[in-house]
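Visitor:
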């Protein structure tokens with residue numbers, strides 16, 4: 002459509018240019034240079050006074066928080082611009098709701114004339130091109146939605162292959178030279194290992210966070226340079242939630258964990274957390290920062306605290322002590338004793354909640370009394386069970402078996418990656434054959450060879466049997482843990498959680514200990 006401007010001296014023009022990464026695939030016609038040349042030529046031809054040129058390079062049309070676009074809006078508010086010109090309507094935006102808002106409301110209310118050159122749109126005159134503008138906006142929106150689906154599909158495919166597609170790797174890792182791969186960040190790795198070490202010592206997530214804050218250790222966000230300009234009392238501080246999330250992240254044992262959150266849709270920036278069952282986890286994709294055994298031990302320690310509702314007090318049996326009558330975890334309260342000293346007492350939580358209903362009984366007893374009795378009983382069981390000098394050969398053999406099992410797991414993980422790669426290769430060859438890219442003779446030869454190679458790898462994988470934990474092996478493992486206990490680690494929460502599954506307190510103040518190993522149950 003031929004556009005005519007009868008009074009060019011009345012306008013102060015803003016030339017708006019936008020180019021997204023998706024638009025770059027359309028070729029040179031969508032480039033910033035081409036758009037600028039087209040808009041400048043139009044302004045010169047019609048003797049228009051250009052106030053400024055606004056360029057958003059690399060910004061999606063579904064996002065209206067673009068820096069240059071917002072700068073143009075600010076100039077419109079300041080009455081510096083009263084005409085906006087773009088190459089086509091999609092340059093203004095691809096969200097038909099927001100595009101319609103600016104076209105139908107914002108520009109008219111601020112007396113701004115909008116011109117889209119290739120679409121023939123000019124809000125300063127009456128034309129049929131203006132009437133079909135809403136339909137053009139919807140088509141642009143549908144294009145953006147289609148592009149979003151294609152990009153999401155590609156990203157999900159990369160995630161399923163174990164390729165890293167995030168912006169910043171998990172704290173303790175950094176981007177490798179190879180695309181979509183991560184490697185250990187030797188500068189941050191010691192902090193991660195120390196956090197796991199403190200967790201193994203029995204420190205809670207809150208205690209670990211407090212210690213790191215006292216030592217002024219930079220948080221992951223601060224280390225990555227993401228906290229700049231942020232204010233508030235908690236800015237740059239470690240939190241128990243952050244520590245807990247790190248301690249449970251399988252990325253640290255070499256598994257790629259992605260898909261923990263996702264955007265609501267292609268128009269919104271807001272992300273929502275996904276349930277664990279929807280996460281995409283691919284094993285053995287990179288070098289582990291933490292070994293599997295201490296990682297599993299930390300999960301046991303964290304799990305032992307989940308059933309404890311109060312986080313106010315820390316004590317050795319936290320998460321392990323239960324009421325024998327009702328089966329619920331015992332609560333802990335702080336009350337002064339006869340001498341006026343603060344003491345922790347165990348009480349039945351069911352009794353606390355339903356006292357008037359007469360459900361269960363109080364079970365009130367000093368926390369130290371129960372803890373000392375449990376430690377005494379466990380020491381007695383351990384000393385009767387085995388002597389320290391007898392355990393050294395067993396411990397050495399257990400370590401050797403653990404190392405052998407670890408090597409088998411690593412080899413199995415490598416075989417699974419190779420098998421998956423061959424499967425993808427076979428699928429690609431089949432598609433090439435269907436599309437005519439690969440000849441029938443070549444396809445048959447390559448396909449059979451790859452299929453035989455995959456079958457050989459699958460047979461080798463089936464031969465790698467996971468280590469079976471027989472009763473005798475469990476007995477040896479129990480002895481190794483008992484050895485550590487007898488040597489002075491009896492007050493170590495890690496060892497206590499490893500030995501004891503739960504402790505029950507009866508109404509008559511009797512203590513029942515349930516060990517994790519059947520061999521020890523005989524002595525309880």
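Residue numbers (my numbering): 2 to 525. For glycine and all other residues, C-beta sits at the position ideal for the given N, C-alpha and C.
(1) Counting only runs of 4+ residues fully inside the region 151-221, write out the alpha helix (DSSP H) ranges in chain order.
(2) Take residue 323 and list the residues in its own chain whose beta-carbon comes closer than 8 Å to its own, dropping the five residues that flank it on each side.
(3) Just mark residue 62 as buried or exposed, buried being the case when its beta carbon has 16 or more other beta carbons within 10 Å.
(4) Can you tell which of 117, 154 and 336 has its C-alpha closest to the C-alpha of residue 39?
(5) If we call anything under 7 Å between Cβ atoms a contact, is residue 43 one with residue 13?
(6) What distance in whole Å lies between the Cβ atoms of residue 285 and residue 414, which are believed to be in contact at a cut-off of 8 Å?
(7) Hey, could you find the ends of the alpha helix (DSSP H) residue 498 is sitting in?
(8) If you draw a straight line from the C-alpha of residue 210 to the C-alpha of residue 176, how long is it?
(9) Do you know how far the Cα of residue 500 is from the Cα of residue 450?
(10) Hey, residue 283 and residue 257: beta-carbon distance below 7 Å or not?
(11) Is the separation between the beta-carbon of residue 185 and that of residue 46 shorter than 7 Å?
(12) Please report the distance separating the alpha-carbon of residue 161 from that of residue 92.
(13) Tell me the residue span of the beta strand (DSSP E) that contains residue 10.
(14) Are the CB atoms of residue 253 and residue 291 nearer to each other than 7 Å?
(15) Can you tell me whether DSSP reads residue 249 as helix, strand or coil?
(16) Output the distance between the C-alpha atoms of residue 106 and residue 100, rounded to the nearest integer angstrom.
(17) Is residue 155 near residue 302, with beta carbons less than 7 Å apart?
(18) Give the DSSP-derived three-state secondary structure of residue 291 in the structure shown.
(19) Between which two residues does the alpha helix (DSSP H) carrying residue 41 extend?
(20) CB residue 37 to CB residue 6, shorter than 7 Å?
(21) Short of 8 Å in beta carbon distance, which residues of its chain neighbour residue 33, apart from the five on each side in sequence? Order them along the chain.
(22) Mapping DSSP to helix, strand and coil, what is residue 111?
(23) What are the residues that DSSP puts in a beta bridge with residue 505?
(24) Count the other CB atoms, across all protein chains shown, that sit within 10 Å of the CB of residue 518; report buried if there are 16 or more and exposed otherwise.
(25) Rounded C-beta distance between residue 77 and residue 113? I'm assuming under 8 Å.
Guide: In terms of the structure at hand:
(1) Fully contained in the region 151-221 are the following alpha helix (DSSP H) runs of length 4 or more, in chain order: 190-201 and 206-215.
(2) Start at 1 with the first residue of the chain shown, and residue 323 comes out as number 322. Result list for residue 323: 329, 330, 331, 503, 504, 505 and 506, in chain order.
(3) In the chain shown, counting from the first residue as 1, residue 62 sits at position 61. The residue is buried, with at least 16 neighbouring Cβ atoms inside 10 Å.
(4) The residue labelled residue 39 in the question sits at position 38 within the chain shown. Checking every option, the nearest Cα to that of residue 39 belongs to 117.
(5) Translated into positions along the chain shown, residue 43 becomes position 42. Translated into positions along the chain shown, residue 13 becomes position 12. No. Outside cutoff.
(6) Residue mapping note: residue 414 aligns to position 413 of the chain shown, counting from 1. Residue mapping note: residue 285 aligns to position 284 of the chain shown, counting from 1. Between residue 285 and residue 414 the Cβ distance is about 3 Å, and since that is below 8 Å, they are a contact.
(7) To locate residue 498, count along the chain shown from 1; it is residue 497. 494-500 is the extent of the alpha helix (DSSP H) around residue 498.
(8) Along the chain shown, one-based indexing puts residue 210 at 209. Along the chain shown, one-based indexing puts residue 176 at 175. Straight-line Cα distance between these residues: approximately 26 Å.
(9) Within the chain shown, numbered from 1, the residue matching residue 450 stands at position 449. Within the chain shown, numbered from 1, the residue matching residue 500 stands at position 499. Distance between the alpha carbons of residue 450 and residue 500: 52 Å.
(10) Here residue 283 refers to the residue found at position 282 when the chain shown is read from its first residue. Here residue 257 refers to the residue found at position 256 when the chain shown is read from its first residue. It is a contact, given that the beta carbons lie within the stated cut-off.
(11) Position 184 of the chain shown holds residue 185. Position 45 of the chain shown holds residue 46. No. Outside cutoff.
(12) Residue numbering aside, residue 161 sits at position 160 when the chain shown is read from its first letter. Residue numbering aside, residue 92 sits at position 91 when the chain shown is read from its first letter. Computed Cα separation, rounded: 34 Å.
(13) Your numbering for residue 10 matches position 9 in the chain shown. Note, residue 10: premise wrong, no beta strand (DSSP E); not H, not E.
(14) Numbered from its first residue, the chain shown carries residue 253 at position 252. Numbered from its first residue, the chain shown carries residue 291 at position 290. In this structure, residue 291 lies closer than 7 Å to residue 253 by Cβ.
(15) Here residue 249 corresponds to residue number 248 of the chain shown, with the count starting at 1. If DSSP states are grouped into helix, strand and coil, residue 249 belongs with coil.
(16) Start at 1 with the first residue of the chain shown, and residue 106 comes out as number 105. Start at 1 with the first residue of the chain shown, and residue 100 comes out as number 99. Each residue's alpha carbon lies about 10 Å from the other.
(17) Stepping through the chain shown from its first residue, residue 155 is reached at position 154. Stepping through the chain shown from its first residue, residue 302 is reached at position 301. Contact: no.
(18) In the chain shown, residue 291 corresponds to position 290, counting from 1. Coil, per DSSP.
(19) As a working mapping, residue 41 is identified with position 40 in the chain shown. 33-46 is the span of the alpha helix (DSSP H), which, as asked, contains residue 41.
(20) For the purposes of this step, residue 37 is taken as residue 36 along the chain shown, with counting starting at 1. For the purposes of this step, residue 6 is taken as residue 5 along the chain shown, with counting starting at 1. Not a contact, by the Cβ cut-off of 7 Å.
(21) For the purposes of this step, residue 33 is identified with residue 32 of the chain shown, where counting begins at 1. Cβ neighbours of residue 33 beyond the five flanking positions: 18, 20, 56 and 58.
(22) One-based indexing of the chain shown puts residue 111 at position 110. Coil, per DSSP.
(23) Your numbering for residue 505 matches position 504 in the chain shown. The partner list for residue 505 (beta bridge, DSSP) reads 323 and 513.
(24) In the chain shown, the residue the question calls residue 518 occupies position 517. Result: buried.
(25) Residue mapping note: residue 77 aligns to position 76 of the chain shown, counting from 1. Residue mapping note: residue 113 aligns to position 112 of the chain shown, counting from 1. Yes, residue 77 and residue 113 are in contact; Cβ-Cβ is about 6 Å, under 8 Å.
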